[in-house]
Amino acid sequence: MKPPTEGFGKTLEATDEVVIEATGNSMAAARVLSPLVARVVIANPLQVKAIA
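Given below as structure tokens:
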């Protein structure tokens, strides 16, 4: 089975910034994505008024 981020990870560039919704698995996703992008932010959707 392929990791779920494998296909998505291929679309990312080193200058990209990624926002992940704060969930139980968000730290694991951030660890997988962080080597691929410039910045990974984990955000609580209740505290992010601009995009919530």
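Heads up: the sequence shown is residues 424 to 475, going by our numbering. Each residue gets a CB set at the ideal place from its N, CA and C atoms; glycine is no exception.
{"query": "Residue environment, residue 464, which counts as buried when at least 16 other CB atoms sit within 10 Å", "result": "exposed"}
{"query": "Candidates 453, 431, 459, 461, of which the one nearest residue 444 by Cα", "result": "453"}
{"query": "Any chain D beta carbon closer than 7 Å to residue 465", "result": "Among the protein chains of the structure shown there is no chain D, as only one such chain exists."}
{"query": "Residue 466 - DSSP class collapsed to helix/strand/coil", "result": "strand"}
{"query": "Presumed contact (8 Å Cβ cut-off) between residue 466 and residue 442, rounded CB distance", "result": "5 Å"}
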